[in-house]
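These notes are about the structure you will find just below.
Chains as they are written, first to last, in my numbering: chain A, 242 to 415; chain B, 143 to 329.
See the structure below:
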């Protein structure tokens with residue numbers, strides 16, 4: 242554990258000061274401080290539906306496309322990820338530049354990710370799994386929707402993998 | 143028009159649409175785009191087992207579960223209502239290589255000669271579905287995100303740890319696909 246991150250500002254209520262490990266936590270993905278009725282969540286489902294359609298129609302859920310990507314036989318997946326990042330980065334820049342608020346008038350917050358060795362070890366492991374299953378977590382869900390019954394087993398196993406990570410994380414290098 | 147929609151969408155249509163998910167989620171509720179966290183929320187909701195990593199208010203993150211439920215529905219819509227009538231087109235070199243492992247069925251984007259329920263009890267099927275899935279779930283959480291959280295959201299917000307993670311995803315994928323997977327596919 243290095244001490245380089247100790248000046249990271251923690252939320253006052255945050256008792257866990259192990260910042261390296263904390264940076265892996267996604268507990269704070271919900272940045273909104275507003276309380277909404279549960280049915281407000283359907284708007285995220287709508288975004289998910291659109292997203293799932295794109296996944297299928299652009300063949301991002303295709304095991305073959307992933308194999309082509311990792312054999313440098315097709316530009317398709319690099320084009321998808323690259324242009325997604327460009328559009329995402331441009332939107333984030335616009336949001337920051339013009340201080341664009343959410344539809345509820347909240348200020349949009351960004352939280353810096355802290356480097357830790359998990360991004361290397363975990364990243365490599367995930368890369369292995371991505372090439373075998375031909376799917377990252379998003380496409381796994383879309384594959385199930387598209388009728389891939391056996392993929393439900395893969396998703397279940399992925400959830401088990403996440404659970405085991407939670408179990409052993411204190412013993413892993415971060 | 144409809145015919146164009148039914149054809150596979152090119153990267154320059156799909157990529158920007160996926161990129162737009164980042165500002166949409168931020169604008170409709172201050173949410174950071176990320177998918178692998180949904181697996182963690184499922185663990186926290188179903189089997190926290192007293193593990194500190196799963197002791198948090200997952201109900202506050204329930205939007206993420208709605209989001210992935212939407213992806214399942216979208217997968218259904220894309221595959222059944224907007225289905226491409228033609229078989230998947232793949233690179234001839236890949237087809238040649240896959241033929242040597244007996245994979246010749248391109249009727250589905252999920253190879254029907256690999257990812258089926260019957261195959262789970264074979265060594266190859268077990269390695270590809272169960273072990274493969276396990277390291278996807280373990281690795282993404284260890285890395286703190288997947289292609290969406292790191293490669294798209296992280297890079298969009300110019301975070302260098304996400305660049306490290308993305309490079310490792312790619313390195314892992316290249317190693318597996320070219321050096322290890324051929325042996326698994328030969329099983």
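All residues carry an ideal CB built from backbone N, CA and C; glycine is no exception. Note that this is a predicted model, so its numbers are computed, not measured.
Exercise. Cβ of residue 357 of chain A within 9 Å of Cβ of residue 317 of chain A?
Worked result: Result no, Cβ atoms of residue 357 of chain A and residue 317 of chain A do not sit closer than 9 Å.
For this session: List the endpoints of the continuous alpha helix (DSSP H) containing residue 400 of chain A.
Result: Element bounds for residue 400 of chain A: 392-409.
Exercise. According to the Cβ coordinates, are residue 332 of chain A and residue 168 of chain B closer than 9 Å?
Worked result: It is a contact, given that the beta carbons lie within the stated cut-off.
Problem set entry | For residue 146 of chain B, the residue or residues it bridges with in DSSP | DSSP output for residue 146 of chain B lists no bridge partner at all.
Exercise. Grouping DSSP H, G and I as helix and E and B as strand, with all else coil, what is residue 358 of chain A?
Worked result: DSSP, read as helix, strand or coil, puts residue 358 of chain A in coil.
Problem set entry | Cross-chain neighbours of residue 229 of chain B in chain A, by beta carbon under 7 Å | At a beta-carbon threshold of 7 Å, none of the residues of chain A lie near residue 229 of chain B; the nearest stands roughly 10 Å away.
For this session: Please confirm if the stretch 327-345 of chain A is in contact with the stretch 241-260 of chain B, defined as three or more CB-CB distances below 8 Å between the two stretches.
Result: Taking one beta carbon from each stretch, the stretch 327-345 of chain A and the stretch 241-260 of chain B have fewer than 3 pairs nearer than 8 Å; the two do not touch.
Exercise. Should residue 329 of chain B be flagged as near chain A, meaning a C-beta pair shorter than 9 Å?
Worked result: Closer than 9 Å: no.
Exercise. Would residue 277 of chain A be called buried (16 or more neighbouring beta carbons within 10 Å of its own) or exposed?
Worked result: With fewer than 16 other Cβ atoms within 10 Å, it is exposed.
Exercise. Helix, strand or coil: how does DSSP classify residue 343 of chain A here?
Worked result: Residue state for residue 343 of chain A is assigned as coil, using DSSP reduced to three classes.
Problem set entry | Cutoff 9 Å: residue 338 of chain A Cβ touching any chain B Cβ | False, the Cβ-Cβ gap to chain B never drops below 9 Å.
For this session: Thinking residue 282 of chain B and residue 378 of chain A are a contact (beta carbons under 8 Å), I'd like their distance in whole angstroms, please.
Result: Residue 282 of chain B to residue 378 of chain A, Cβ: 6 Å. Contact.
Exercise. Which partner residues does residue 348 of chain A have in the DSSP bridge list?
Worked result: DSSP output for residue 348 of chain A lists A:342 as bridge partner(s).
Exercise. Within the 9 Å Cβ cut-off, does residue 278 of chain A reach chain B?
Worked result: Put simply, the CB of residue 278 of chain A is far from chain B, with every gap to its CB atoms at 9 Å or more.
Exercise. Contact between the stretch 146-155 of chain B and the stretch 347-354 of chain A: three or more CB pairs below 8 Å?
Worked result: No: fewer than three Cβ pairs fall under 8 Å.
Problem set entry | Cβ-based burial, residue 241 of chain B [other Cβ within 10 Å; buried from 16] | Exposed, because fewer than 16 other Cβ atoms sit within 10 Å of the Cβ of residue 241 of chain B.
Exercise. Which runs of the beta strand (DSSP E) spanning at least 3 residues fall entirely within the stretch 213-290 of chain B, listed in chain order?
Worked result: Listed in chain order, nothing qualifies, since the stretch 213-290 of chain B has no complete beta strand (DSSP E) run of 3 or more residues.
For this session: Hey, could you find the ends of the alpha helix (DSSP H) residue 313 of chain B is sitting in?
Result: Its alpha helix (DSSP H) spans residues 302-317.
Exercise. Since residue 284 of chain A meets chain C, which of its residues come closer than 8 Å, beta carbon to beta carbon?
Worked result: The structure shown contains no chain C; its protein chains are A and B.
Exercise. With 16 other CB atoms within 10 Å as the buried threshold, where does residue 412 of chain A fall?
Worked result: Answer is exposed; the Cβ neighbour count stays below 16.
Problem set entry | Closer than 9 Å at the beta carbon, the chain A residues around residue 303 of chain B | The CB of residue 303 of chain B comes closer than 9 Å to the CB of 264, 353, 354, 355, 356, 357 and 360 in chain A, given here in chain order.
Exercise. According to DSSP, is residue 183 of chain B helix, strand or coil?
Worked result: In the structure shown, residue 183 of chain B sits in a helix (DSSP, three-state: H, G or I).
Exercise. How would you list, in chain order, the residues of chain B whose beta-carbon sits under 8 Å from the beta-carbon of residue 368 of chain A?
Worked result: In chain order: 281, 310, 311, 312, 313, 314, 315, 316, 317 and 318.
Exercise. When burial is assigned at 16 or more other CB atoms within 10 Å of the CB, is residue 288 of chain B buried or exposed?
Worked result: Its Cβ being crowded by 16 or more others within 10 Å, residue 288 of chain B is buried.
Problem set entry | Under 9 Å between C-beta atoms of residue 311 of chain A and residue 320 of chain B | Taking 9 Å as the Cβ cut-off, residue 311 of chain A and residue 320 of chain B qualify as a contacting pair.
Exercise. Just the Cα atoms here: how many angstroms apart are residue 166 of chain B and residue 204 of chain B?
Worked result: About 17 Å.
Exercise. Where does residue 303 of chain A fall in DSSP's three states?
Worked result: Assignment of residue 303 of chain A by DSSP, reduced to helix, strand and coil, places it in the coil class.
Exercise. Buried or exposed: which applies to residue 325 of chain B, given that a residue is buried once 16 or more other Cβ atoms fall within 10 Å of its Cβ?
Worked result: Answer is exposed; the Cβ neighbour count stays below 16.
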